[in-house]
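**Q**
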Amino acid sequence: MEGDKGDGEIMKLYYANSDQKNADVVILGLPFDKTSSFIPGSRFGPEFIRLCSENIEDYSPYQDKSLLDLKICDLEDLQFTIKDWQLETQKALSDILDIKKQFIFLG
514 MEGDKGDGEI MKLYYANSDQ KNADVVILGL PFDKTSSFIP GSRFGPEFIR LCSENIEDYS
574 PYQDKSLLDL KICDLEDLQF TIKDWQLETQ KALSDILDIK KQFIFLG
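Residue 572 in my numbering sits at position 59 of the sequence shown, with consecutive numbering throughout.
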């Protein structure tokens, strides 16, 4: 299950409105259970964070800002193999850091 809404479509944050090149913030899901020490399930974290984010207000009266005013890119979930998860994760992080963006990892 990789951010799957049930119809095979990968779920993105509804306020993600930009591509990676033009984004102020880049979001990447890291669905991973391999290092769970008790009950597995953290792989579903990115999906449920996205799902629950549909219920937050995009406008903050305290800051007088809206999420919709930010350029946000959701790269969906990182796809990796169990064997090479460390190398694949490092490469993805390196690519994001190289473009000098703020980033948020979900997982």
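Where a beta carbon is used, it is the ideal one built from N, C-alpha and C, also for glycine. What you are looking at is a predicted structure, and each value in this text was computed from that prediction instead of being measured.
Compare the beta carbon distance of Val538 and Leu588 with 8 Å and say whether it is the shorter of the two.
**A** For Val538 and Leu588, no; Cβs fall outside 8 Å.
**Q** Between which two residues does the beta strand (DSSP E) containing Gln615 stretch?
**A** Its beta strand (DSSP E) spans residues Gln615 to Leu619.
**Q** Taking 7 Å as the limit between beta carbons, can you name the residues of its chain near Lys604, skipping five residues before and five after?
**A** Excluding positions up to five away in sequence, the list is empty.
**Q** From what residue to what residue does the alpha helix (DSSP H) around Asp611 run?
**A** Residues Trp598 to Asp611.
**Q** Contact criterion: CB-CB distance below 8 Å. Does Ile552 meet it with respect to chain B?
**A** Going by chain labels, chain B is absent from the structure shown, which holds only one protein chain.
**Q** Should Cys586 and Ser531 be called a contact, given that it needs their Cβ atoms to be closer than 8 Å?
**A** Yes.
**Q** So, helix, strand or coil for Ser549, using DSSP?
**A** In this structure, Ser549 counts as coil in the three-state DSSP scheme.
**Q** Please list the terminal residues of the continuous alpha helix (DSSP H) segment that includes Ile562.
**A** Gly558 to Ser566 is the extent of the alpha helix (DSSP H) around Ile562.
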